[in-house]
Amino acid sequence: MTRIAILSLLPMTLLAGCSIGPDYTAPPAHDIQVTDIMTTEADRIDVSLDVEMAWWDRFDDPVLSALMETAAGANTDVRLAAYRVEEARANRAIAQARRRPFLSGSSSASRAQASETAGGFGVTPGSSSIQNLFDLNVNLTWELDIFGRLLRLENAAEAQLEATEGDRRAVMVTVFAEIGIAYAELRGLQAQDAAAGRNIELASRIVDLTQQVVDQGLAADFDLVRARADVTELAARRHRLLAGQRAAAARIAFLTGQQPADVMESLLAAGPQMIPSARIPVGLPSDLLRRRPDIRAAERRAAAASELVGVEMTDLLPSFSLTGVAGLSAANVEDLFDAASQTWSLSGGARWSLFDSGAQRADIAIARSRLGAAGTEYEAIILNALAELETALAAYVYTAKELDGLVAARSNRERAYALALQRYNANTDTLFPALDAGLRLTALNADIAARQQDLLVAEISVYRALGGGWLAFENQGEGLE
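Letter by letter, the sequence shown follows residues -16 to -1, 1 to 465 of mature numbering (1 follows the signal peptide of the UniProt record, and there is no 0).
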């Protein structure tokens, strides 16, 4: 819009007091479409139930729930986000204050002596050469928001506050999910360690059996050495599991705002194993826009960017202000509060940039570019949310299917091992089929323990992709000092 075009609207705008610039309208609700995984895998995914506010309650683990409670108030990222909300709230208060008159007080006392020999420039004949003056004033400054510039600044600050609140909630979603994943890894590694212990017992039994065969001259020392190597290797691999447990506990300590020493002993103590849900609630796909705070934050940033376009456009127009002073002025203190000592003045002013070599139009172009970028970011966040949800659902569904297959295979492996031992004890077969069956069983046990951990991580990733968790502590961290 050119300055001449705006000038033609000036009389009507002054009368109506309307705003200059684009009127923001929220982006239309996206037609959220997901793949057929929600329908074809209905035995694992429940769209009829929305995700719980505190999804971790599904695991019925008081330790996990306590960690979430601690993190809500002590996690450093959550606290930083809360401070940013306080900053945004203060910026909104500043924007609101700019629309109101500014009042200030001033006072002064002076004593001066004028020249008695300066002729007409000195003391008036008959007057004292020494003059006193006492002033007590209230000053008024008020920018008249004729074209809605200050209103748009307030609207932008309000939208930015809402975006910052969305950021805080998004941080909570991420933090809670990371705690859940770290806790699942901790318990999963403990389960793998327990499975490793059972595997070592099984491998040690195989060593004993091999020793018997070697003693009978029915097997070579090579077979015994190999069996012992299996035990040693399994025992060595447990150290990696122990290191992983400590790393997970240290991660939990950081996420809950604590030092590792504060939680290491309690977390490393054996606890109840987390059981993956047989079916997880995901709600309707259309609820994703409502539930995910990062989407809401992006939409609010687009609203703020739209308002700032209007702010830049109003700078093409004149700004109007009122200034006034009301007070008391007297030569003697005892006369200062007399009615005759009252003074006042009121003036209005206008300021208009007539030529700036196109700088203001460039500012408008910048604001419009930022608005376009904000809209694109909003779209990108929605697409990313859908991709995250699809990835998490696929990981959950197919990890569950894989685990079901492995568990079914384990019963057959156990049966095969038992039959091989039975044949060996009945002298109808050598020991080697039993050795092979035992080794395959130990490998499968370790794989099942790892896949159980993967399934828990996948389930928690679904809750994160759905934007779950922040409602459980909606007011946590507000009002920080």
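For each residue, glycine too, the CB sits at the ideal point set by N, CA and C.
Going by C-alpha positions, residue 415 is about 28 Å away from residue 176. In the same chain as residue 43, and ignoring 5 residues on each side of it, the C-beta atoms closer than 6 Å to its own belong to 258, in chain order. Restricting attention to alpha helix (DSSP H) runs no shorter than 4 residues, the stretch 37 to 115 encloses them at 46 to 58, 60 to 81, ordered along the chain. The three-state secondary structure of residue 314, taken from DSSP, is strand.
Membership of residue 414 in any alpha helix (DSSP H) is not indicated, and neither H nor E is assigned to it by DSSP. The criterion of a C-beta distance shorter than 8 Å is satisfied by residue 277 and residue 150. Secondary structure note for residue 356: it is in no beta strand (DSSP E), and the uninterrupted alpha helix (DSSP H) holding it is 343 to 409.
Taking the CA atoms as reference points, residue 197 sits about 46 Å from residue 248.
DSSP lists 128, 334 as the bridge partner or partners of residue 304. Contact annotation: the stretch 221 to 236 touches the stretch 176 to 193, with at least three C-beta pairs closer than 8 Å.
The Cβ atoms of residue 441 and residue 169 lie closer than 8 Å to each other. The DSSP assignment places complete alpha helix (DSSP H) segments of no fewer than 4 residues inside the stretch 190 to 267 at 205 to 239, 244 to 252, in order along the chain. When DSSP states are grouped into helix, strand and coil, residue 326 belongs to the strand group.
In the DSSP assignment, residue 163 is bridged to no other residue. The bridge partners DSSP lists for residue 29 are 264. One alpha carbon belongs to residue 52, the other to residue 214, and they sit about 41 Å apart.
If you draw a straight line from the Cα of residue 31 to the Cα of residue 411, it is about 57 Å long.
Judged by their CB atoms, residue 16 and residue 273 are nearer to each other than the 8 Å cut-off.
The three-state reading of DSSP puts residue 120 in strand, counting E and B together.
For residue 211, same chain residues with a beta-carbon under 6 Å away, outside a window of 5 residues either side, are 190, 191, 194 in chain order. Annotation: the continuous alpha helix (DSSP H) that includes residue 277 extends over 277 to 298. Looking at the backbone, the Cα of residue 74 and that of residue 318 are separated by about 43 Å. Look at residue 155 here: in three-state DSSP terms it is helix. In this structure residue 10 is in contact with residue 283, their Cβ atoms being roughly 6 Å apart against a cut-off of 8 Å. Sixteen is the threshold: since fewer than 16 other Cβ atoms of the shown chains lie within 10 Å of the Cβ of residue 204, the residue is exposed.
Excluding residues up to 5 positions away in sequence, 442, 443, 446 lie with their Cβ nearer than 6 Å to the Cβ of residue 380 in the same chain. In this model, residue 82 and residue 156 are separated by some 33 Å (Cα to Cα). Residue 326 has its alpha-carbon roughly 19 Å from the corresponding atom of residue 115.
For the options 337, 458, 332, 84, the alpha carbon positioned closest to that of residue 298 is the one of 337. Scanning 267, 117, 351, 130 for the CA closest to the CA of residue 312 turns up 117. Ranked by how close their Cα comes to the Cα of residue 121, the residues 227, 91, 161, 407 have 91 in first place. The beta carbon of residue 173 sits closer than 6 Å to those of 225, 228, 229, all from its chain and outside the five residues before and after it, given in chain order.
Boundaries cannot be given for residue 4, as no alpha helix (DSSP H) includes it and DSSP labels it neither H nor E. Here residue 309 is bridged, per DSSP, to 123, 329. The Cβ atoms of residue 234 and residue 252 lie no closer than 8 Å to each other. The residue from 159, 71, 164 with its alpha-carbon nearest to that of residue 142 is 71.
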